[in-house]
Amino acid sequence: MLGSDPIAALLGAGMDPRLPEVLWKGYLRRLVNAGAAVTMLGPDVVVPDDATDAERAGLATLVSTYPTGTQMPMETTGKLAGAGLIDAAAERVNVRVGAYYRRINRTVGKDVAAGLWRRGAITTSAAIHAGASNMVAVMISDAASLRVWRQWSMQASGDGYERHSAPTLLVPQLRGGGMYLFRTSEGDRIDPLTMAVTGWEDCTITVTSGDMLVPVPPTCQNGAPVTRLGPCRMLPGWLRESLLSYGVPPQSAAA
């Protein structure tokens, strides 16, 4: 165990987005061993100014085949055939990451792939699946929504700390907001539920113990990395009770 907050310790390790395959394998294995379930996402792509025609064509094909930030498709052959998209076992991570790199290299062209990886034109993307990790995730879209969340959570908890709490992750696409992650004790299961928090300002706040993908550092979005800011706390009782009282199951949320 890495201290009292193993997930945050791993997410805050300060890794380079250009990590090679072997280091991504080790990183995701450690997350899985700490209780997370992970999935691979379409890589982030930034076209270099000096890209050749072959490189530009390869990157365009890559983005259209595996859109940035979306889950990679199911594997239909090999050890992962029919195995789903979410991995919670270290041995599966090794196979998954290897297959991920092979897909990308094959798509952009093996002759240009190494140079694109080296220059950071392609960077690996991965996420924690909140529900499969038995975590609760809170997605906060912007600064106004973060103000509402802090005020609401302070009122719901009666704890002044919540007024100044920091999101676990800063996510480039959630400018001014971020994502909170709350973990649970081993064996403590939470049904998949989703609720929205509203307030006096226009805001988008989603709280879920279900199907939410939380991008992990050093995943990039448009060249900017996801970074760890705050802790990954144990799920507090007040948030659990709110989710159980006001959350809706997946079928109701989709209706």
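Counted the way our numbering counts, the sequence shown spans residues 45 to 299. Ideal placement from N, C-alpha and C gives every residue a C-beta, glycine not left out.
Separation of residue j from residue i, as counted between CA atoms
| i | j | result |
| --- | --- | --- |
| G159 | D246 | 44 Å |
| D255 | Y205 | 28 Å |
| G70 | V139 | 12 Å |
| D127 | G86 | The sequence given here has Ala at residue 127, not Asp. Computed Cα separation, rounded: 18 Å. |
| N178 | R227 | 7 Å |
| A15 | V192 | The structure shown does not extend to residue 15, since the chain spans only 45 to 299, so no value can be given for it. |
| N77 | A52 | 13 Å |
| P92 | V152 | 14 Å |
| G231 | P280 | 16 Å |
| G223 | Y110 | Here residue 223 turns out to be Met, not Gly, going by the sequence shown. Taking the straight line joining both Cα atoms gives about 24 Å. |
| V90 | E99 | 11 Å |
| A188 | S229 | 32 Å |
| A165 | M198 | 42 Å |
| T96 | G267 | 19 Å |
| A143 | G291 | 37 Å |
| R233 | R284 | 11 Å |
| L288 | M239 | 9 Å |
| G175 | M278 | 15 Å |
| D235 | P293 | 8 Å |
| L46 | L273 | Reliability of the predicted coordinates at L46 is poor, the pLDDT of 40 falling under 50, and the value obtained from them is presented with this limitation in mind. L46 and L273: Cα-Cα distance of roughly 17 Å. |
| P275 | D94 | 40 Å |
Beta-carbon contacts of residue i that lie in its chain and below 7 Å, excluding the five residues immediately before and after
| i | result |
| --- | --- |
| R74 | L54 |
| S201 | P280, W282 |
| A125 | E119 |
Where the alpha helix (DSSP H) through residue i begins and ends
| i | result |
| --- | --- |
| P50 | 50-55 |
| G102 | 97-109 |
| G281 | 281-290 |
| G86 | Unbroken run through G86 is the beta strand (DSSP E), 82-89; no alpha helix (DSSP H). |
| I148 | 134-152 |
| A125 | Premise fails: A125 is in no alpha helix (DSSP H) and is neither H nor E. |
| M198 | 187-201 |
| V76 | 65-77 |
Opening and closing residue of the beta strand (DSSP E) in which residue i lies
| i | result |
| --- | --- |
| I172 | 166-173 |
| M223 | 222-227 |
Check whether residue i and residue j have beta carbons under 7 Å apart
| i | j | result |
| --- | --- | --- |
| Q265 | P216 | yes |
| T271 | L214 | yes |
| G221 | L257 | no |
Contact set for residue i: own chain, Cβ-Cβ below 6 Å, skip 5 residues either direction
| i | result |
| --- | --- |
| P50 | A78 |
Residues near residue i by beta carbon distance below 8 Å, same chain, minus five either side
| i | result |
| --- | --- |
| R194 | E206, R207, H208, S209 |
*asked:* Under 8 Å, with one C-beta from each stretch per pair, do the segment 153-171 and the segment 225-244 reach the 3-pair mark?
replied: For the pair of segments examined, the segment 153-171 was found not to touch the segment 225-244: the number of CB pairs separated by less than 8 Å stays below three.
*asked:* Within 8 Å, do at least three Cβ pairs link the segment 118-133 to the segment 56-65?
replied: Proximity of the segment 56-65 to the segment 118-133 falls short of the contact definition, fewer than three beta-carbon pairs being nearer than 8 Å.
*Three or more beta-carbon pairs under 8 Å between the segment 139-149 and the segment 179-189, yes or no?*
Note that the segment 139-149 does not touch the segment 179-189; fewer than 3 beta-carbon pairs, one per stretch, sit closer than 8 Å.
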